[in-house]
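Asks: Here you go, one structure.
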Amino acid sequence: MAGGGDPDERSRTVRGAHEEFVTGGRMSAQVRAVVADSWRRSAAALPAADFLAPVELTGAALEEYRGAHPLASVMPLFRELLGTIADDGAHLLAVCDASGRMLWVEGHRGVRSRAEAMNFVAGARWDERHAGTNAPGTALALDHAVQIFATEHYNRAVQPWTCAAAPVHDPRTGRLLGAVDLTGGDHLAAPHSLALVRATALAAEARLAQEEDRGTGKGEGKGNAYAHRLTALGQDEAVLTTADGGRIRLGRRHSEIVVLLAGHPEGLTGDQLAAALYGDRPVPPVTLRAELSRLRRLVGPLLASRPYRLHEPVETDFARVERELEAGDVRGALRAYGGPLLPSSEAPGVCRVRRLVEARLRRAVLSGGDAWALQLWADSRWGEEDLEVWERLLAALPVSAPQRAGVAEEARRLREAYAPVLRTGGATSAQRPRL
């Protein structure tokens, strides 16, 4: 809120606009665009504007889940940067995962007690689909920092609160890990609150990068086998991190070429590379040579020829998933998996690797029967419509699990949606690896 603004007046104005929207569907010009869009998404997903966010994890299941989460390692940093502010200023520090599930909610005891009445607690789901417009949920939906003031919340039960949140990413892969949030009263409705959580998220990403460097032995004289790293899961344009720390964002065709060459350290002939890129399409040889020439201007001597190959080893995120699976660490593989490999690519060689990695990981998740792994897959963009995983998750959960009712409802919804195909004995895309 702008400096000098009256929070009570602003709250009344937005409350009136909220009532107009939830009762008649009319969106007032007084509502910020970011909030208006979130209200529309919330209205499409939720039956009413008065509800409690569902609590999905409690007790030992919650402890196990958050203990294994990548953000657990930077929780001391969050407490150092925001914990004292939360305690002293009657605020709450909250950290959630990428699906909006609260991992930690800490801070002033009295404020925490009031927040419990609306299920703002560890283990509850606060993404927009389950909790409506709110700072952590909307920050995840938009993948950028956001502040939600009082009556801008879609859920009336949350409208006494103001919050600011920023997403946190894996610095190596760019994958969204979750969000950090500061929640409290109207006094949080100022630019410095948003700047504070944004700076905290950046500090967490820097700390995660340091941990990654230590894990690979970088800078410690241990002779890291991989001088360069390639991130290509879940994004159409891969990022090449060079040995000197430089970052090169590759175009789509160059991303495909580097992915293919990284998977063939022995190299590929021009004909082999052309077949992997273009398939049976008749493409003049000069087209591939031109692409390789432009790529060489970007990566320099890393690209060698006769045959085409990468002159130095390149660690890829999809190879890391494979290594975790070979080691029997399904959870580690899931944490490393940022999504389908170059998802928009139609290059036959890339499609083949994409199918193999996803199919193997999915099989490991299904066969392992680990509720944590099944939940993580079901929460993802690529697993949210996967009927077989939802049904396996339902079977893996104990009868007393608080999220069981929600999982059962989602499995029922998907089974009804796929009923016509299932009746004819066909297989839905949700029951097999994505093709």
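If you're matching positions, the sequence shown starts at 94 in my numbering and goes up one per residue. Backbone N, C-alpha and C fix where the C-beta goes; we use that ideal spot for every residue, glycine too. As the structure is a prediction and not an experimental result, all values here were calculated from the model.
(1) Rounded to the nearest angstrom, what separates Leu175 and Thr293 at their Cα positions?
(2) For the alpha helix (DSSP H) that Arg497 lies in, which residues bound it at each end?
(3) Taking Gly278 as the reference, give the member of Ala272, Val443, His184 with the closest Cα.
(4) Counting along the chain, where does the beta strand (DSSP E) carrying Ala240 start and finish?
(5) My understanding is that Ala259 touches Val290, with C-beta atoms under 8 Å, so please give their C-beta distance in whole angstroms.
(6) Output the boundary residues of the alpha helix (DSSP H) element that contains Val332.
(7) Please report how far the alpha carbon of Arg413 lies from the alpha carbon of Phe171, in whole angstroms.
(8) Among Ala452, Leu487, Val450, Val376, which one has its Cα closest to the Cα of Leu467?
(9) With 16 other CB atoms within 10 Å as the buried threshold, where does Ala153 fall?
(10) Rounded to the nearest angstrom, what separates Arg207 and Val351 at their Cα positions?
(11) Quick check on the burial criterion: 16 or more other C-beta atoms within 10 angstroms. Buried or exposed for Ser104?
(12) Gly431 to Ala288, Cα distance in whole Å?
(13) Contact between the segment 357 to 377 and the segment 323 to 343: three or more CB pairs below 8 Å?
(14) Is Val239 closer than 7 Å to Ala232 when the C-beta atoms are compared?
(15) Any chance the segment 216 to 232 sits against the segment 160 to 170, with 3 or more Cβ pairs inside 8 Å?
(16) Is the separation between the beta-carbon of Ser131 and that of Thr226 shorter than 7 Å?
(17) Taking only the alpha-carbon atoms, compute the straight-line gap between Arg345 and Tyr158 and give it to the nearest angstrom.
(18) Is the segment 464 to 480 touching the segment 499 to 515, taking contact as three or more C-beta pairs under 8 Å?
(19) Is it the case that the Cβ atoms of Gly203 and Asp180 are separated by a distance below 7 Å?
(20) Return the residue from the list Pro406, Ala504, Leu454, Arg485 that minimises the CA-CA distance to Gly421.
(21) Which residues does DSSP list as the beta-bridge partners of Leu427?
(22) Among Leu403, Glu359, Met195, Ala297, whose alpha-carbon lies nearest the alpha-carbon of His347?
(23) Quick one: give me the first and last residue of the alpha helix (DSSP H) that Val75 is part of.
(24) What's the gap between the Cα of Leu449 and the Cα of Ala217?
(25) Going by the beta-carbon positions, is the gap between Arg322 and Glu419 smaller than 7 Å?
(26) For the ligand NAD, I want to know if Ala232 counts as a neighbour, meaning its beta carbon is within less than 6 Å of at least one of the ligand's heavy atoms.
(27) Exposed or buried, Arg508, counting other C-beta atoms within 10 Å across all chains shown (16 or more means buried)?
(28) How many Å lie between Ser192 and Gly356 at the Cα?
(29) For the segment 225 to 260, list the beta strand (DSSP E) runs that are entirely contained and at least 3 residues long, ordered along the chain.
(30) For Gln123, is the classification buried or exposed, using 16 other Cβ atoms within 10 angstroms of its Cβ as the cut-off for buried?
(31) Mapping DSSP to helix, strand and coil, what is Val78?
(32) Exposed or buried, what is Gln496 when buried is set at 16 or more other beta-carbons lying within 10 Å of its beta-carbon?
(33) Taking 7 Å as the limit between beta carbons, can you name the residues of its chain near Trp483, skipping five residues before and five after?
(34) Where do the ends of the alpha helix (DSSP H) carrying Glu451 lie?
(35) By Cβ distance below 6 Å, which residues in the same chain neighbour Asp274 in space, the five residues on each side in sequence not counted?
(36) How far does the alpha helix (DSSP H) with Asp337 in it reach, from first residue to last?
Replies: Straight from the coordinates:
(1) 8 Å
(2) 497 to 510
(3) His184
(4) It should be noted that the sequence gives Gln, not Ala, for residue 240. 239 to 241 is the span of the beta strand (DSSP E), which, as asked, contains Gln240.
(5) 4 Å
(6) Segment 332 to 334 is the beta strand (DSSP E) holding Val332; no alpha helix (DSSP H) there.
(7) 28 Å
(8) Leu487
(9) exposed
(10) 53 Å
(11) buried
(12) 27 Å
(13) no
(14) yes
(15) no
(16) yes
(17) 36 Å
(18) yes
(19) no
(20) Leu454
(21) DSSP lists no partner for Leu427.
(22) Leu403
(23) As displayed, the chain neither begins before 94 nor continues past 528, which places residue 75 out of reach and without an answer.
(24) 34 Å
(25) no
(26) Looking for the ligand NAD in the displayed structure turns up nothing, as the structure carries no ligands at all.
(27) exposed
(28) 31 Å
(29) 239 to 241
(30) exposed
(31) The question about residue 78 has no answer here: the residues shown for the chain are numbered 94 through 528.
(32) buried
(33) Ala471, Val500, Glu503, Ala504, Leu507
(34) 441 to 461
(35) Ala187, Ala228, Pro229, Cys256, Ala258
(36) Careful: Asp337 lies outside any alpha helix (DSSP H) and carries neither H nor E.
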